[in-house]
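Residue numbers (my numbering): 4 to 338.
Notes for the one structure printed next.
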């Protein structure tokens with residue numbers, strides 16, 4: 004079901020009375036700034052709004068089409084971009100994904116911002132994107148004073164902060180995998196499956212984070228409207244720096260999880276070699292009494308047959324050889 008909310012600022016002051024039907028009238032007023040948020044939009048309603056506002060029909064298709072990539076497109080009178088807000092959840096099992104994605108598309112107009120959000124994609128019970136936090140960020144930045152640029156920055160700032168939190172959560176999860184690898188009792192069962200799940204989450208996160216550099220850079224170097232304040236330039240520069248850091252962090256985590264994956268395979272081979280070495284050592288020790296008792300089990304006469312001295316001699320030989328082999332193997336760390 005489509006949900007619509009928004010805010011209006013007139014002459015730098017917030018005012019009540021926002022309605023979906025009045026968006027075009029608000030955008031036409033010189034002293035008005037409007038933000039409209041459309042959640043889970045009906046395609047036909049969004050298409051009619053696009054025609055009314057003169058938006059490119061293909062941009063509208065991109066806003067609602069599934070599996071759209073992160074991107075930015077600059078048109079004559081507005082800018083369109085698509086980004087993904089992400090967060091993480093606690094997995095229910097070793098194969099359940101931890102990453103939750105929510106696609107947000109935005110039409111940046113000279114006097115307003117229209118955001119189009121789709122339902123979150125991820126595990127059951129995934130937390131949707133907190134749009135109230137975006138509204139709160141507008142007030143902190145003084146969106147009514149600095150024009151549309153402040154609204155866009157507030158939205159992107161919340162999205163990038165979510166990227167940082169997701170990267171931090173995945174970093175902590177990978178560190179726990181590394182600690183588990185070298186635990187004295189060995190890794191818990193299912194480590195390989197958890198590592199593979201982490202790799203899949205990082206691939207998804209990388210597809211979301213890396214293209215953000217292009218989005219922020221394009222918006223940073225394009226004046227969104229005549230009222231955009233130069234005071235926002237340092238904020239956009241700081242936002243771009245955060246995007247770069249998130250991208251580099253994601254790349255380093257990709258290398259780390261690959262290292263964990265390969266190290267686990269190497270440790271499994273090393274543990275298998277250790278087990279085989281110990282089994283071989285014990286097999287050699289057990290072979291001594293087997294060989295001696297087998298020799299004395301022949302159906303022929305031999306020195307010491309049916310005598311106490313023969314039994315004592317064979318038993319002493321077994322004990323001596325077993326002790327010698329045990330000490331020798333122990334020194335070589337074969338047991």
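C-beta atoms are modelled at their ideal positions from N, C-alpha and C, and glycine is treated no differently.
Residue i, DSSP secondary structure in three states
{"i": "residue 322", "result": "helix"}
{"i": "residue 222", "result": "helix"}
{"i": "residue 233", "result": "helix"}
{"i": "residue 312", "result": "helix"}
{"i": "residue 336", "result": "coil"}
{"i": "residue 192", "result": "coil"}
{"i": "residue 198", "result": "helix"}
{"i": "residue 228", "result": "Only weak support exists for where residue 228 lies, its pLDDT of 47 falling under 50; the value from the coordinates is given anyway. Of the three classes helix, strand and coil, the one that applies to residue 228 here is coil, per DSSP."}
Segment limits, alpha helix (DSSP H) that includes residue i
{"i": "residue 282", "result": "236-298"}
{"i": "residue 169", "result": "151-184"}
{"i": "residue 31", "result": "26-31"}
Inter-residue Cα distance where the pair is residue i and residue j
{"i": "residue 249", "j": "residue 256", "result": "10 Å"}
{"i": "residue 329", "j": "residue 180", "result": "37 Å"}
{"i": "residue 47", "j": "residue 143", "result": "35 Å"}
{"i": "residue 69", "j": "residue 195", "result": "31 Å"}
{"i": "residue 5", "j": "residue 269", "result": "52 Å"}
{"i": "residue 193", "j": "residue 273", "result": "18 Å"}
{"i": "residue 36", "j": "residue 253", "result": "36 Å"}
{"i": "residue 159", "j": "residue 81", "result": "17 Å"}
{"i": "residue 18", "j": "residue 241", "result": "31 Å"}
{"i": "residue 154", "j": "residue 239", "result": "12 Å"}
{"i": "residue 56", "j": "residue 27", "result": "7 Å"}
{"i": "residue 216", "j": "residue 208", "result": "14 Å"}
{"i": "residue 399", "j": "residue 85", "result": "Lying outside 4 to 338, the shown extent of the chain, residue 399 is not represented and no answer is given."}
{"i": "residue 151", "j": "residue 33", "result": "13 Å"}
{"i": "residue 287", "j": "residue 258", "result": "43 Å"}
{"i": "residue 13", "j": "residue 43", "result": "28 Å"}
{"i": "residue 58", "j": "residue 235", "result": "26 Å"}
{"i": "residue 132", "j": "residue 161", "result": "10 Å"}
{"i": "residue 332", "j": "residue 319", "result": "20 Å"}
{"i": "residue 183", "j": "residue 104", "result": "28 Å"}
{"i": "residue 124", "j": "residue 218", "result": "22 Å"}
{"i": "residue 260", "j": "residue 212", "result": "17 Å"}
{"i": "residue 71", "j": "residue 191", "result": "38 Å"}
{"i": "residue 306", "j": "residue 277", "result": "42 Å"}
{"i": "residue 63", "j": "residue 169", "result": "29 Å"}
{"i": "residue 271", "j": "residue 297", "result": "37 Å"}
{"i": "residue 167", "j": "residue 20", "result": "36 Å"}
Exposure of residue i, with buried meaning 16 or more beta-carbon neighbours within 10 Å
{"i": "residue 156", "result": "buried"}
{"i": "residue 111", "result": "buried"}
{"i": "residue 141", "result": "buried"}
{"i": "residue 279", "result": "exposed"}
{"i": "residue 214", "result": "buried"}
{"i": "residue 201", "result": "buried"}
{"i": "residue 90", "result": "buried"}
{"i": "residue 300", "result": "exposed"}
{"i": "residue 3", "result": "Residue 3 falls outside the range modelled here, since the chain spans only 4 to 338, and no answer is possible."}
{"i": "residue 334", "result": "exposed"}
{"i": "residue 165", "result": "buried"}
{"i": "residue 78", "result": "exposed"}
{"i": "residue 315", "result": "exposed"}
{"i": "residue 229", "result": "Low confidence applies to residue 229: its pLDDT is 43, below 50, so where it sits in the model is not reliable, and the reading given next is rough at best. The residue is exposed, with fewer than 16 neighbouring Cβ atoms inside 10 Å."}
{"i": "residue 224", "result": "exposed"}
{"i": "residue 244", "result": "exposed"}
{"i": "residue 205", "result": "buried"}
{"i": "residue 15", "result": "exposed"}
The beta strand (DSSP E) enclosing residue i, as first and last residue numbers
{"i": "residue 17", "result": "16-18"}
{"i": "residue 35", "result": "35-42"}
task: Kindly provide the ranges of any beta strand (DSSP E) runs that are 3 or more residues long and lie completely inside the stretch 54-142, ordered along the chain.
output: 74-77, 82-91, 102-112, 115-120
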